[in-house]
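Chemist:
Residue numbers (our numbering), protein chains in the order written: chain R, 737 to 1037; chain Y, 3 to 296.
(1) Let me make sure I understand the geometry here. Which of 967/R, 965/R, 1012/R has the alpha-carbon closest to that of residue 769/R?
(2) Please classify residue 56/Y as buried or exposed, where buried requires at least 16 other C-beta atoms within 10 Å of its C-beta.
(3) Taking its Cβ as the centre, do 16 or more other Cβ atoms sit within 10 Å of residue 288/Y, making it buried, or is it exposed?
(4) Could you tell me which of 893/R, 874/R, 895/R sits nearest to residue 886/R, measuring between CA atoms?
(5) Just curious, the alpha helix (DSSP H) that residue 170/Y is in, first and last residue?
(6) In angstroms with no decimal places, state the Cα-to-Cα distance between residue 757/R and residue 933/R.
(7) Taking C-beta to C-beta, are residue 178/Y and residue 132/Y nearer than 9 Å?
(8) According to DSSP, simplified to helix, strand and coil, what is residue 742/R?
(9) Output, in chain order, the set of chain Y residues within a Cβ distance shorter than 8 Å of residue 866/R.
(10) Answer yes or no: does any C-beta atom of chain R fall closer than 9 Å to that of residue 71/Y?
(11) Per the DSSP calculation, residue 283/Y is bridged to which residue(s)?
(12) State buried or exposed for residue 1001/R, treating a residue as buried only when at least 16 other CB atoms are found within 10 Å of its CB.
(13) So what does residue 773/R bridge to, in DSSP terms?
(14) For residue 40/Y, which three-state DSSP category applies?
(15) Candidates 1018/R, 1014/R, 1019/R, 902/R: which alpha carbon is nearest residue 787/R's?
(16) How is residue 928/R classed by DSSP in three states: helix, strand or coil?
(17) Got a sec, what are the start and stop residues for the alpha helix (DSSP H) residue 119/Y sits in?
(18) Which chain R residues sit within Cβ distance under 7 Å of residue 179/Y?
(19) Should the segment 166-177 of chain Y be regarded as contacting the segment 118-136 of chain Y, the criterion being three or more beta carbon pairs within less than 8 Å?
(20) Check for me: the alpha helix (DSSP H) holding residue 1004/R runs from which residue to which?
(21) If you run the structure through DSSP and keep just helix, strand and coil, what is residue 970/R?
(22) Give every residue of the same chain whose Cβ lies closer than 7 Å to the Cβ of residue 1030/R, excluding the five residues on either side of it in the sequence, and list them in chain order.
(23) Shorter than 9 Å from the beta carbon of residue 138/Y to some beta carbon of chain R?
(24) Given a cut-off of 9 Å on the beta-carbon distance, is the pair residue 220/Y and residue 181/Y in contact?
(25) At a CB-CB cut-off below 7 Å, which residues of chain Y make contact with residue 752/R?
(26) By a C-beta neighbour count over all protein chains shown, 10 Å radius and 16 as the cutoff for buried, is residue 685/R buried or exposed?
(27) Where does residue 125/Y sit, in a helix, a strand or coil, going by DSSP?
(28) Could you name the residues of chain R that residue 208/Y contacts, counting a contact when the two beta carbons are closer than 8 Å?
(29) Since I believe residue 777/R is in contact with residue 983/R (beta carbons under 8 Å), could you give me their beta-carbon distance rounded to a whole number of angstroms?
(30) Using a Cβ-Cβ cut-off of 9 Å, state whether residue 287/Y counts as contacting chain R.
(31) Does any residue of chain R bring its CB to less than 9 Å from the CB of residue 283/Y?
(32) Which runs of the alpha helix (DSSP H) at least 4 residues long sit entirely within the segment 862-950 of chain R? Give them in chain order.
(33) Can you list the residues of chain Y that residue 889/R reaches, using a CB-CB cut of under 7 Å?
(34) Does the beta carbon of residue 83/Y come closer than 9 Å to any beta carbon on chain R?
(35) Roughly how many whole angstroms lie between the Cα atoms of residue 291/Y and residue 226/Y?
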């Protein structure tokens, strides 16, 4: 196998690596470089300004608001999504009539339906929900809540509700994916384990909490990280669905939207790059903290 | 993993008859169904409503949101077609076809070399690719715009295709790397004995063996690139893809008074994806989730 090995390796790696270097690695490095400059993005001239951008960023109220909105999503999205997906996975797997380990009828249909939002693009979903959250009293959401004598609400037009609408749509779109993920993980656990628990007299709930959950822990841990990264982005949904974009009174501002606005509309590419650097470290920190905080002993089966 | 799901034990089938049904069980089942049906409605109603709205008048959409159209407005679709939906669709098809084919080729080449050959720098290259999965595109969007601009590739098919490939490589390499590691070495060794070259082994032996993995990651890439919005929004302002066109439905004054046309436009964007999903949903679900389980 040695003949021509290195020529082959280089031949296979060179084009993909070049592409990756030009379009991924170099922009990432440039973000760090430009964050120390006053580059406008328009003129080719710029100067090194040290940490000025970061000092300005520290005092930037709008960016702080965007940061805290991301933090709100960062807490809300993973918690809601994982809880709902686990609940549905639990019902799908043990809700059936029979023993404590029996799956529910119609399991395939539920998975098919719940997963559907995952295959449609964020703009499609955002337009649909924008219209559903119409503040007119005959809007879909308002007419639904009207049946229960609630509302009408302002939804996306209300500074206090708009971010909850964003959280809702993100959760709504994510639950099905994580349900299918958890369900696949449960299905790969040998049935003997569940049967043993049943024979030992464990009920549905205790089987789920004491047997299924610990076996799923690795998958849940991965899910936290993925959902956290999603919550730190949220750009596409915010930019299409919310008013402005950025919501009434900037109530749905997120860091990614600030980067786009400063970098492309306000001609502050250097400043936007500094925001990118902050987002980079926040992402890294959150992922590291989550992996550390949720670390458990791995169970082999 | 795609492979695992094929021999999984589905609890809903083959249950021994010895388990007795009790009244408690039945009420648990009923309660479970109620919860699951409610969430099914929560998911399906928005899509179904949007599809129905594509045949209604603006007055009907906002005046009588739950009713069917008195007189289906098929003209909405003609209006949407007049707003160039066909052109955007074609742009998306071209970019995604090119992007997915090249992603699969480059991704498997890199993954194969990294998984099957030892050479200095192997681990470093693997981690450089893998770390690309961690960070949102947003961190680098401003410099990326100027890189693409300086190459004169803004609003071009080839520019978008190359960028799509570059940003799809991390996950594709990561996934296929794991896949190539699980394949047996004996077949490849036999091919080498018969005088096959390194390249020949890859294309004639290893790629065909990797078909299940290629299928999963292929579906993942098709959907991911088809639904890509951030990259084309910044890199292809003058040649919009379908996702951009959908996003601009709300900001574009041309549509404002005519919500029936907006929904017809949406329906044209949604229907191909929904049909493909209904036809291949098992592969789609395992394709999208299998990589995450690794």
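All C-beta atoms, glycine included, are put in the ideal place defined by N, C-alpha and C.
Modeler: According to the data block:
(1) 1012/R
(2) buried
(3) Buried, because 16 or more other Cβ atoms sit within 10 Å of the Cβ of residue 288/Y.
(4) 874/R
(5) 159-184
(6) 52 Å
(7) no
(8) DSSP, read as helix, strand or coil, puts residue 742/R in helix.
(9) 252
(10) no
(11) Residue 283/Y is not bridged to any residue.
(12) Under the 10 Å beta carbon count, residue 1001/R is surrounded by fewer than 16 other beta carbons and is classified as exposed.
(13) 784/R.
(14) helix
(15) 1014/R
(16) helix
(17) That residue, residue 119/Y, is in no alpha helix (DSSP H); it is neither H nor E in DSSP.
(18) Near residue 179/Y there are no residues of chain R at all, since even the closest Cβ is about 13 Å away, more than 7 Å.
(19) yes
(20) Residue 1004/R: not part of any alpha helix (DSSP H); DSSP gives it neither H nor E.
(21) In the structure shown, the three-state DSSP call for residue 970/R is coil.
(22) 957, 960
(23) yes
(24) no
(25) 108, 111, 112, 171
(26) The structure shown does not extend to residue 685/R, since chain R spans only 737 to 1037, so no value can be given for it.
(27) Three-state result, residue 125/Y: helix.
(28) Within 8 Å Cβ-Cβ: nothing; residue 208/Y doesn't reach chain R, min ~12 Å.
(29) So it is not a contact: roughly 25 Å between Cβ atoms.
(30) yes
(31) yes
(32) 876-882, 898-923, 927-935, 940-943
(33) Going along chain Y, no residue has its Cβ under 7 Å from residue 889/R, so there is no contact; the nearest lies around 15 Å.
(34) no
(35) 13 Å
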